[in-house]
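See below for the structure under consideration.
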Amino acid sequence: MKKQRNLLAFDLGGSNGRAILGRFDGEKLEMTELHRFENHYIEMNGVFYWDIAYLYDQLKQGLIAFKQGGYGELDSFGIDTWGVDYGLLDKNGHLVGLPRSYRLGVQADIDAVKEKIPADVLYARSGIDTTLTFNTLYQLYRRKREGDAALEVAEKLLLTPDLLGYFLTGAVGAEYSIATTTQLYDPTAKDWDWATIDELELPRHIFPKIDPTGTIRGHLRPELCEELGLNPAAFVAVGSHDTASAVAAIPGKGNFAFCSSGTFSLVGTETEQAVLSDTARDEGISNEGTIQGGFRPLRTIIGLWVIQECRRNWQQAGKNYSWDEIVELAKQAEPLRSVIDMDAPEFYAGGDMVQAIKDFCKRTDQPVPETDGQVARCVYESLALKYRLALEGLERMTGKSIDSMNIVGGGSRNKLLNQMAADATGRPVTTGPVEGAAMGNLLAQAKALGDIADMDALREVVRKSEAVETYQPDPTPEWEAAYQKLTTFLK
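Counting in our numbering, the sequence shown runs from 162 upward without gaps.
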């Protein structure tokens, strides 16, 4: 009988994070949440930052929870987070200022880069949608233009999961899947995009060596082992982009699309090579990395962020709705009354999201949502319609029909949205695992430790370990009319 592994996944998103224990016996994975915490960016003097010291402390709390649980020795741990953001280290290995949040990005950052390098050249080099203001490329060039002191003294750039891993281990590196989110990775050369880096006069030396997913990069620092009473567990560079880990844990077969549903929704498919065609560029496709070293051509959609901000607005007004209560309010509202383009600029930044939705509907001559339930239903239905738009774009790009969609991540808990997704797309929708990113993180650790042979075996473990649910579509003329309405807004 194989030794049972104790694996620990740190899975951080833009709104919360979790430490999840995985106990793997060689066939099935048993998951237990040990620690959960909130995560929000902080505005100071007009700049948005991540509270990295707080996040590091929460990771330590997760390790303490493991120790206190009496599980024995920890074999390994891995970290996955959102993409694109990073911290800078000086020549002494110390953090230079707080890491900035991608929410700071504006169109002027894109325009400045495109004055130097045309959009079609940028896309051909990176395969990443050039219209996304938050890409690391634009963040860095903004700092270069501003003569940012932190960038000038920086010795190394570490993307968020690599930075947190560095704090725990002292080991420096860039994991493949997270590197591909930056718009500074060349999928043809399989290295940093040195041409763009040089043309924008970004310092070459800050970009660390790129590690394949599954690299054992180091071990828990001796000082931390002593402080926390833990063994020097291995640090595995798992699919450090949370979507890469979530997609790894999809149990689907055949020609399916994935949807990682959270603050953003990422809808895509898997390929061995990046798709760099004009069609892919025009569809807004980004080629991000898979844990097996291939690519995930996907479309990024503003996802549950919109309803998260609405909930925050309602809380400020003294209405402390739970998520289940918001779904119930949406269920009671009239269907397909109003539709918004989730990716319109006014929905990207925080603020009075409820009013932004009302203003959009008024401007587009639609009934203005008046009740909280109407607002919530409008958001959920609009997101489901954007899923259809993304799937049809993927079909045009690949020339293949997509038979079904598999939704993973926290958004897959929303059964109303899952059914809307099936109805809007006209395809069966399978949901699960809910903790897809954590499961993919844990199984990538098991694979790195030699307990799982390949991706087929990894996904077989998912099927044995996690129940899934399937929603059958009921496409109606009303859904079709709403979709046609959305496409007119996009034109």
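Even glycine gets a Cβ: it sits at the ideal position worked out from N, Cα and C.
Alpha carbon of Ala332 to alpha carbon of Lys317, nearest angstrom = As a first step, residue 332 is located in the sequence shown; it is residue number 171 there, counting from the start. As a first step, residue 317 is located in the sequence shown; it is residue number 156 there, counting from the start. Rounded to the nearest angstrom, the two C-alpha atoms are 12 Å apart.
Apart from the five residues on each side of it in sequence, which residues of its chain come closer than 7 Å, Cβ to Cβ, to Met162?
-> For the purposes of this step, residue 162 is identified with residue 1 of the sequence shown, where counting begins at 1. Because Met162 carries a pLDDT of 48, less than 50, the predicted location of this residue cannot be relied on, and the following value inherits that uncertainty. Short of 7 Å from the beta carbon of Met162, and not among the five residues preceding or following it, lies no beta carbon of its own chain.
Select from Arg460, Val623, Val500, Ala335 the residue whose C-alpha is nearest the C-alpha of Phe650.
-> Here residue 650 is taken as the residue at index 489 of the sequence shown, counted from 1. Among Arg460, Val623, Val500, Ala335, the Cα nearest to that of Phe650 is on Val500.
If we ignore side chains and look at the alpha-carbon of each, how far apart do Val267 and Met581 end up?
-> Here residue 267 refers to the residue found at position 106 of the sequence shown. Here residue 581 refers to the residue found at position 420 of the sequence shown. Cα to Cα, Val267 sits roughly 32 Å from Met581.
At least three beta-carbon pairs within less than 8 Å, the region 250-267 to the region 427-440 = A contact is defined here as three or more CB-CB pairs under 8 Å, and the region 250-267 fails this definition with respect to the region 427-440.
Determine contact between the region 459-471 and the region 603-615, defined as no fewer than three beta-carbon pairs at a distance below 8 Å.
-> Under the 8 Å Cβ criterion, the region 459-471 does not count as touching the region 603-615, having fewer than three qualifying pairs.
Supposed contact pair Ala398 and Glu336 - C-beta distance, whole angstroms, cut 8 Å = As a first step, residue 336 is located in the sequence shown; it is residue number 175 there, counting from the start. As a first step, residue 398 is located in the sequence shown; it is residue number 237 there, counting from the start. Rounded, the Cβ-Cβ distance is 4 Å, consistent with contact.
Indicate the three-state DSSP secondary structure (helix, strand or coil) for Asp617 in the structure shown.
-> By 1-based counting over the sequence shown, the position of residue 617 is 456. In the structure shown, Asp617 sits in a helix (DSSP, three-state: H, G or I).
Would you mind stating whether Thr321 and Thr242 have Cβ atoms separated by less than 8 Å?
-> If you number the sequence shown from 1, residue 321 lands on position 160. If you number the sequence shown from 1, residue 242 lands on position 81. Remark: C-beta atoms of Thr321 and Thr242 approach each other more closely than 8 Å.
Apart from the five residues just before and just after Tyr346, which ones in its own chain have a Cβ nearer than 7 Å to its Cβ?
-> As a working note, residue 346 is residue 185 in the sequence shown. The residues are Ser287, Ala340, Trp353, Asp354.
Cβ-Cβ separation, Ala170 to Ala599 (assumed contact under 8 Å), whole Å | As a first step, residue 599 is located in the sequence shown; it is residue number 438 there, counting from the start. As a first step, residue 170 is located in the sequence shown; it is residue number 9 there, counting from the start. Indeed they touch by this definition, with Cβ atoms about 4 Å apart.
Grab the span of the beta strand (DSSP E) containing Gln459 for me, first residue to last.
-> In the sequence shown, residue 459 corresponds to position 298, counting from 1. Sequence inspection shows Leu at residue 459; the Gln mentioned does not correspond to that position. Element bounds for Leu459: 456-463.
Sequence-distant residues of its chain with Cβ nearer than 7 Å to Glu553 (five each side left out) = What you label residue 553 is simply residue 392 of the sequence shown in a count that begins at 1. Taken in chain order, the list of residues that qualify is empty.
Cβ shell of Gly231 (< 8 Å), same chain only, five flanking positions each side left out = For the purposes of this step, residue 231 is taken as the residue at position 70 of the sequence shown. Closer than 8 Å at Cβ, skipping near neighbours: no residue.
DSSP three-state assignment for Phe312, whether helix, strand or coil = Here the question's residue 312 lines up with position 151 in the sequence shown. Reading off the sequence, residue 312 comes out as Leu, not Phe. The answer is helix: DSSP assigns Leu312 an H, G or I state.
Limits of the unbroken alpha helix (DSSP H) element including Leu169 | To locate residue 169, count along the sequence shown from 1; it is residue 8. Premise fails: Leu169 lies in the beta strand (DSSP E), 166-173, not in any alpha helix (DSSP H).
Below 8 Å between beta carbons: does that hold for Asp670 and Thr294?
-> No answer is possible for residue 670: it lies beyond the span of the chain, which begins at 162 and ends at 652.
Whole-Å CB distance - Met558 paired with Glu444, under 8 Å assumed = Sequence index remark: in the sequence shown, residue 558 carries index 397 (1-based). Sequence index remark: in the sequence shown, residue 444 carries index 283 (1-based). About 6 Å; that satisfies the 8 Å criterion.
Might you give, ordered along the chain, the residues of its own chain that have their beta carbon closer than 7 Å to the beta carbon of Pro636, omitting 5 neighbours on each side?
-> As a working mapping, residue 636 is identified with position 475 in the sequence shown. Short of 7 Å from the beta carbon of Pro636, and not among the five residues preceding or following it, lie these beta carbons of its own chain, in chain order: Asp584, Gly587.
Quick one: Cα of Lys652 to Cα of Lys164, how far?
-> Indexing the sequence shown from 1 puts residue 652 at position 491. Indexing the sequence shown from 1 puts residue 164 at position 3. Near 58 Å, if we compare the C-alpha coordinates of Lys164 and Lys652.
Where does Ile367 fall in DSSP's three states?
-> Counting from one through the sequence shown, the residue named residue 367 turns up at place 206. Helix at Ile367.
If you run the structure through DSSP and keep just helix, strand and coil, what is Leu301?
-> Taking the first residue of the sequence shown as 1, we reach residue 301 at position 140. Residue state for Leu301 is assigned as helix, using DSSP reduced to three classes.
Residue(s) in a DSSP beta bridge with Asp372 | For the purposes of this step, residue 372 is taken as the residue at position 211 of the sequence shown. DSSP, once it has assigned bridges, lists Glu336 as partnering Asp372.
In the structure shown, what three-state DSSP assignment does Leu235 receive?
-> In the sequence shown, counting from the first residue as 1, residue 235 sits at position 74. In the three-state scheme derived from DSSP, where H, G and I count as helix and E and B as strand, Leu235 is classed as coil.
Count the other CB atoms within 10 Å of the CB of Gln606; is the residue buried (16 or more) or exposed (fewer)?
-> To locate residue 606, count along the sequence shown from 1; it is residue 445. Burial is judged here by how many other beta carbons sit within 10 angstroms of a residue's own beta carbon; Gln606 has at least 16 and is buried.
Taking Cβ positions, are Asn167 and Asn200 nearer each other than 8 Å?
-> Start at 1 with the first residue of the sequence shown, and residue 167 comes out as number 6. Start at 1 with the first residue of the sequence shown, and residue 200 comes out as number 39. Annotated as distal: Asn167 and Asn200, with beta-carbon spacing of 8 Å or more.
Along the beta strand (DSSP E) that carries Arg179, what are the first and last residues, could you check?
-> Reading the sequence shown from its first residue, position 18 is the one you call residue 179. Run containing Arg179: 177-185, per the beta strand (DSSP E) assignment.
Consult DSSP for Thr341 and reduce its assignment to one of helix, strand or coil.
-> As a first step, residue 341 must be located in the sequence shown, where it is residue number 180. In this structure, Thr341 counts as helix in the three-state DSSP scheme.
Would DSSP call Thr432 helix, strand or coil?
-> Residue mapping note: residue 432 aligns to position 271 of the sequence shown, counting from 1. Of the three classes helix, strand and coil, the one that applies to Thr432 here is strand, per DSSP.
Neighbourhood of Ser562 by C-beta, 8 Å cutoff - its chain only, sequence neighbours within 5 removed = The sequence position of residue 562 within the sequence shown is 401, counting from 1. Take Ser562, set aside five residues on each side of it, and the residues of its chain with a beta-carbon closer than 8 Å to its own are Asn416, Glu556, in chain order.
What residue ranges within the region 211-291 form continuous beta strand (DSSP E) runs of no fewer than 3 residues, ordered along the chain?
-> If we require 3 residues or more, the beta strand (DSSP E) runs fully inside the region 211-291 come out as 237-241, 247-250.
Can you give the beta carbon distance from Gln219 to Phe198, rounded, assuming they're within the 8 Å contact cut?
-> Locating residue 219 in the sequence shown gives position 58, counting from the first residue. Locating residue 198 in the sequence shown gives position 37, counting from the first residue. The pair is a contact, with the Cβ atoms about 4 Å apart (cut-off 8 Å).
Cβ of Thr342 within 8 Å of Cβ of Val245?
-> Residue 342 sits at position 181 when you count from the first residue of the sequence shown. Residue 245 sits at position 84 when you count from the first residue of the sequence shown. Yes, these two residues count as a Cβ contact at 8 Å.
In the DSSP assignment, what residue or residues form a beta bridge with Val623?
-> Working through the sequence shown from its first residue, we reach residue 623 at position 462. DSSP lists no partner for Val623.
Out of Cys522, Leu182, Tyr217, state which residue places its alpha-carbon closest to the alpha-carbon of Thr193.
-> To locate residue 193, count along the sequence shown from 1; it is residue 32. Distances from the alpha-carbon of Thr193 to those of Cys522, Leu182, Tyr217 put Leu182 closest.
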